[in-house]
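Okay, structure first, notes after.
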Amino acid sequence: MTPQTKVEILQHLIQIPSVNENETAVANYIASLFAPYPQAKVEKVPFAENRDNLVVTIGEGPQIGLSGHMDVVDPGDHSAWSHDPFGGEIVGDHLFGRGASDMKSGLAAIVITMLEFLEQGTPLKGSVRLLATVGEETGEYGAAMLTDAGYADQLAGLVIAEPSGLDNVVYTARGVIDYKVVSTGKGSHSASPEKGINAITNLMKFYNAVGPLMAQHTETDPVLGGLLHNVDLISGGEQINSIPAHAELMANMRTIPAYPNQVIYDELEALIAKLNQQPTVDLELSYSYPEEAIPGDPNAPLVQLAKQISDKICGHDTKIVGSGGANDGAEFLRAKADFTSIEIGPGSNTSHQVDEYISIQEYLQAIDFYEALVPAFFAQLVKA
Ligand SMILES: [Zn+2]
């Protein structure tokens, strides 16, 4: 495949506005690229209307997963962009557009890697599985669904092509817990508060207790740091002369491997249960799309291999690092297989920003990187 064609595939992907939905158009386009190769097994796994995950498998034997998400975040105000966010415009070495960095360049690179293996008839000592997901940006539910359906159960290793930059291999990542607490009281005239139950007062009982409770987690991860807990949204009350019948807060937690999510759930639920024993307190706790932290081992063979190959292909010193953000790997690691998940892919520091771009040179290098990594991974398995 010519570099020109590789760039056009990326432009085409960017021109599909898969903003937090509509991933089927992306899945269909990628599937069409594999149409000339009947030996590639192409499966669409529907999540919802117009939202298909895509799984493509080539070869046989021990399996490496290459994964990328097909959704992008909202570009916001188009007029703030100097280039059409869905244009895929090129200026010099920069290709612009929403998803250019996060992560249609990574997605295109792993797709092209598989296409070139097919095109060139590369003999592979194993199988390669593309796991293209929906909804990564809003909760990793595509990866969760594919994992539950068993699509990660054969993996011997997983590479997530998120935009770490090719000079970083991410082997560990923070988890996430977003939770909400709703306090239900009883409205009454504020001149007769004894007839009501103040939902804000009761919510504050939780608020005042949860900070010190979470602060007891003093263990820190050498790479990721400590557990983070922030109450970021709070609202309550109906009007100034009424006792509030409703109040709620939402908090965002960034977890570390030392504290599996279940530890935190148990503590939050115990606190809620304790407060609800008080006669007028009625608190309800819920979570949205929690993610486990990824523990990882910097010396795992796949981590070291990715570093060696990136060093060689790109001529830089690849760093082995942790990530403050969760990725689809957290879901895939729930699969039956025991494997290492790493994150390495082309990217710039413009992800989720206006005028998001990718360096075309880095994008093309990423393809060379994955094309070298896959056979080296199989060779490593044979040796082990
Ligand atoms: Zn991403």
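One point on numbering: in the working numbering, the residue at position 257 of the sequence shown is 258, and numbering is uninterrupted.
By construction, the Cβ of each residue, glycine as well, lies at the ideal position given by its N, Cα and C atoms.
Hey, quick one: how far does the alpha helix (DSSP H) through residue i stretch, first residue to last?
i      : result
Met146 : Tyr142 to Asp149
Glu372 : Ile361 to Lys384
Glu44  : Segment Lys42 to Ala49 is the beta strand (DSSP E) holding Glu44; no alpha helix (DSSP H) there.
Lys105 : Lys105 to Gln121
Pro389 : In the structure as shown, the chain starts at 2 and stops at 385, and residue 389 therefore has no counterpart that could be examined.
Nearest to residue i by CA position, among the options, is which residue?
i      : options                           : result
Ile345 : Val282, Tyr358 and Ile161         : Ile161
Phe118 : Asn29, Pro37, Val170 and Leu147   : Pro37
Phe379 : Leu159, Ala210, Leu14 and His190  : Leu159
Glu293 : Ser33, Pro86, Ser324 and Ser128   : Ser324
Thr341 : Ile361, Leu365 and Ala307         : Ala307
Ile235 : Asn262, Pro261, Gln263 and Met205 : Met205
Phe48  : Ala150, Ala32, Val375 and Lys337  : Ala150
Asp168 : Gln309, Ala145 and Ile273         : Gln309
Gln305 : Leu374, Leu214 and Tyr142         : Leu374
Pro299 : His79, Phe35 and Val224           : Val224
Leu214 : Asp339, Asp222, Glu357 and Leu229 : Leu229
In or out: residue i buried (at least 16 other Cβ within 10 Å) or exposed?
i      : result
Ser68  : buried
Ile241 : exposed
Gly316 : exposed
Ser83  : exposed
Asp332 : A quick correction: the sequence has Glu, not Asp, at residue 332. Buried is the call here.
Lys386 : Any question about residue 386 goes unanswered here, given that the chain covers just 2 to 385.
Glu137 : buried
Our contact map puts residue i next to residue j with C-beta atoms below 8 Å; I'd like the distance itself, whole angstroms only.
i      : j      : result
Ile257 : Arg175 : 6 Å
Pro164 : Met104 : 5 Å
Glu22  : Asn51  : 7 Å
Ser106 : Pro347 : 5 Å
Just verifying my parser: in three-state terms, what is the DSSP assignment at residue i?
i      : result
Gly66  : strand
His79  : helix
Tyr172 : strand
Ser352 : coil
Met215 : helix
Val135 : coil
Lys337 : coil
Leu125 : coil
Ser33  : helix
Ile345 : coil
Tyr180 : strand
Starting from residue i and walking both ways along the beta strand (DSSP E), at which residues does that stretch end?
i      : result
Ile59  : Arg52 to Gly60
Glu229 : The amino acid at residue 229 is misidentified as Glu; the sequence shows Leu. Leu229 -> beta strand (DSSP E) spans Leu229 to Gly237.
Pro253 : Here residue 253 is Asn; the residue named in the question, Pro, does not match the sequence. Element bounds for Asn253: His247 to Thr256.
Tyr266 : Looking at the DSSP string, Tyr266 is not in any beta strand (DSSP E); the run it does join, the alpha helix (DSSP H), is Asn262 to Asn277.
Pro291 : Leu284 to Glu292
Ser165 : First-last for Ser165: undefined, no H or E at that position.
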